[in-house]
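Notes follow the structure.
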């Protein structure tokens, strides 16, 4: 009925309860119980007032019955709004209840009028408290006014509380929508990448698994215009929405610089200047970058505060660290970066990873140190068939490290690039 639902007035409470429509059944039941408990206060007040004014017999049941009637209506309304089918049913029927309430109000008015002539006011001074309390009209009026005022105050308070909950629900829903969108964008950035150089037999594979909806790890695995392979892994400090956003910005900037520059050290210098300006030194990023010649197997390595690259030499079956010092990106504009050169042999492996992969927990819950990680990886690589591709090795290491990690839940993003010569 438009007369009961327009821009000036509404009898419906969708705005009050909307924040709870999609919650669990348990949460909705708790809201119903909360309403039932809070709205008991006016009922208790009705009994107190009835006792105070000395209502007996029929009047006692009329006074307290009004409170229980309103309490029952609140209980039915709250319960009905918590479930879609009953909500629609209630909203169709409720407008027809209003005329019944008007009839009931008329009956109460008649009752008050009749009561006006039954009070004992002969011995009381007009205007005194005794005069007022001795007159049934005033007694009933005060009783009904007290009950209505109590229900109105409780209802207004609950309505304001529920509207506040709706605002919080809306803001949270918007934030969750933004996070989901950012998560989808990040997933597109962090899809598995596989490269193969048929003429040299080189294979490369990269994978990143975020610990939360928005991770801080990122990687780049691509071939540039001169045929060199570019491999980089980075890690933004933290796991917040800001970390995920800064990761996306950093990776986009990296891809842009790769179009115009070849030297890893120069690219890190450029990224550092950008991050100092973008993050205001409140966040930083580590990154290690390699530029690989697939034919000569010569490798240029630059590092900005990241963990070492691991070089598995197939002939010696040993794992060797390849590292050069450098400050993390975004910490200071004065940081400079250099390049370290080394070579690989046929059958060798390069492992470029984030610290989330190296920091597994043992049976006691203690984080394993780098030496333990290196021993585990070295032993696993010795068992790897010589014809295994980079993707197979990457997936095997992910599975093995996951099996020996006794952390109850993922604690950090996991990123690994494997390159096999």
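In the numbering used here, the protein residues as written are 184 to 604. Every residue gets a Cβ at the ideal spot worked out from N, C-alpha and C, and that includes glycine. Being a predicted model, the structure only gives us computed values, none of them experimental.
Given residue i, which residues of its chain have a CB within under 7 Å of its CB, disregarding the five upstream and five downstream residues?
i	result
residue 222	254, 257 and 337
residue 520	448, 451, 452, 485, 487 and 509
residue 583	563
residue 511	467, 468, 469, 487 and 488
residue 545	551 and 589
residue 541	490, 553 and 556
With a threshold of 6 Å on Cβ separation, who are the neighbours of residue i within its own chain once the five nearest residues in sequence on each side are excluded?
i	result
residue 345	199
residue 506	491
residue 539	595, 596 and 597
residue 340	none
Report yes if the CB atom of residue i is closer than 8 Å to the CB atom of residue j, and no otherwise.
i	j	result
residue 225	residue 334	yes
residue 454	residue 441	no
residue 528	residue 481	no
residue 589	residue 548	yes
residue 597	residue 269	no
residue 385	residue 404	no
residue 416	residue 471	yes
residue 387	residue 587	no
residue 419	residue 412	no
residue 594	residue 394	yes
residue 475	residue 571	no
residue 389	residue 409	no
residue 477	residue 543	no
residue 263	residue 251	no
Check residue i in the structure and name its three-state DSSP category.
i	result
residue 514	coil
residue 373	coil
residue 340	helix
residue 444	coil
residue 265	coil
residue 382	coil
residue 469	strand
residue 598	strand
residue 494	strand
residue 401	strand
residue 409	coil
residue 199	helix
residue 212	helix
residue 204	coil
residue 509	coil
residue 476	coil
For residue i, which residues of its own chain have a beta-carbon under 8 Å away from its beta-carbon, when the five flanking residues on both sides are left out?
i	result
residue 211	203, 265 and 266
residue 456	516
residue 143	Nothing about residue 143 can be read from this structure; the chain reaches only from 184 to 604.
residue 434	372, 401, 403 and 417
residue 349	198, 199, 201 and 202
residue 300	Per-residue confidence for residue 300 stands at a pLDDT of 49, beneath the threshold of 50, marking its modelled position as unreliable; the derived number appears in the next sentence. Nothing meets the Cβ criterion.
Strictly by DSSP, which residues pair up with residue i?
i	result
residue 553	For residue 553, which the question treats as bridged, DSSP gives no partner whatsoever.
residue 523	484
residue 577	BP columns for residue 577 are empty, so no partner.
residue 535	600
residue 416	402 and 471
residue 390	599
residue 565	Per DSSP, none; premise fails for residue 565.
residue 349	Looking at the DSSP assignment, residue 349 forms no beta bridge with any residue, so it has no partner.
Compare the C-beta of residue i with all C-beta atoms of chain D and state if any pair is closer than 8 Å.
i	result
residue 546	No chain D is part of this structure, which consists of one protein chain only.
For the ligand ADP, I want to know if residue i counts as a neighbour, meaning its beta carbon is within less than 7 Å of at least one of the ligand's heavy atoms.
i	result
residue 518	Ligands are entirely absent from the displayed structure, and the ligand ADP is therefore not among its contents.
Checklist entry - Touching or not, the region 494-503 and the region 464-476, by the rule of three or more beta carbon pairs under 8 Å? => result no
Any chance the region 555-565 sits against the region 531-543, with 3 or more Cβ pairs inside 8 Å?
yes
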